[in-house]
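Data block below; observations after.
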Amino acid sequence: MKNTFVERAFNALNVKYFEKAALPDKAFDYELNCPLDRQYILRMMIKQPHQEFNIPPELKWCEDLIMKSHQMQLDNNIKHSYCYITVRHGIHDAVTEDIWHTDGYSEIITHIPEQNYIVTSDYCTEYVEIPLTFPKSFDALKHNIVEYIDNKVTELQPKIHVAKANVVYVFDPYVIHRRPVEAFGKQRTFVRVTFVPIEVCDDACYINPNIEKKTYNRNADTTRNKLTSFEE
């Protein structure tokens, strides 16, 4: 039975949708044409509501990927107001990406899911097909959902699938994935184009020099670390 990102795209985020295991959807083949210099960019805004895409010159090598991903969104009648880009090109040294997690799951503001178009060159993203039933007492506003997911995958040890290099996949907040542990300290290119219906209010987001700087007085990682562990 199908369970695609399009079918999940129009219902507000809810942990009940984890009960049906989600896999990433293959979007299209894409040959990465990487720059020589290292680039490390976290969720840089490249589109605002009622505005055209605003891509800095340093990221023009991603423009075709961005436009193809945007067209796929429109073809599926998913019209989000914001678009962000994340680039990890060079030696990977962030340890938090090695844990099992999902991107964009937050119930702070009620909203429909974001879609992330992800492509890697080497040490490709790993993902698992695993249904999760959250206890009724689980509160995503109080409990650390990333920690809960990572613990459950470690406990259940499902089969690990590996994405193919130079293939764009669509991940939404229900697809559980991670960067391979062995990728730490290795050369790797990872690009993620994120289409989201609400503004990402996080001071950790990199500033687009062509868009007026915004300050939110909020850091998503700090906020998540203040959440409590769920005790069953």
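Each residue of the sequence shown is one higher than the one before, counting from 5 in my numbering. Where is the CB? At the ideal position from N, CA and C, for every residue including glycine. Fair warning: this is a prediction, and the values are worked out from it, not measured in the lab.
Check your understanding: Who does residue 138 pair with in a DSSP beta bridge?
Key -> Looking at the DSSP assignment, residue 138 forms no beta bridge with any residue, so it has no partner.
Point to revise | residue 158 (DSSP reduced to helix, strand or coil) | key: It is helical.
Check your understanding: Do the CB positions of residue 124 and residue 16 come within less than 7 Å of each other?
Key -> No.
Check your understanding: So who's on the other strand from residue 51, going by DSSP bridges?
Key -> Note: residue 51 sits in a beta bridge opposite 87.
Point to revise | Inter-residue spacing [alpha-carbon to alpha-carbon] between residue 158 and residue 134 | key: Residue 134 has its alpha-carbon roughly 11 Å from the corresponding atom of residue 158.
Review point. In this structure, does DSSP put residue 120 in helix, strand or coil?
Key: It is a strand residue.
Point to revise | residue 114 in three-state terms, based on DSSP | key: Assigned with DSSP and collapsed to three states, residue 114 falls in coil, not helix or strand.
Practice item. Evaluate the contact criterion for the segment 178-188 versus the segment 103-114: three or more CB pairs, one atom per stretch, below 8 Å. Key: Contact between the segment 178-188 and the segment 103-114 is present, with at least three C-beta pairs closer than 8 Å.
Practice item. Using alpha carbons as the reference points, say which of 58, 66, 43, 77 lies closest to residue 13. Key: Closest option to residue 13, Cα to Cα, is 77.
Exercise for review: Have a look at the DSSP bridge pairing and note the partners of residue 166.
Suggested key: According to DSSP, residue 166 bridges with 130.
Point to revise | Where residue 176 falls, given that 16 or more other Cβ within 10 Å makes a residue buried | key: Buried.
Review point. In three-state DSSP terms, what is residue 44?
Key: Taken through DSSP and simplified to helix, strand or coil, residue 44 comes out as strand.
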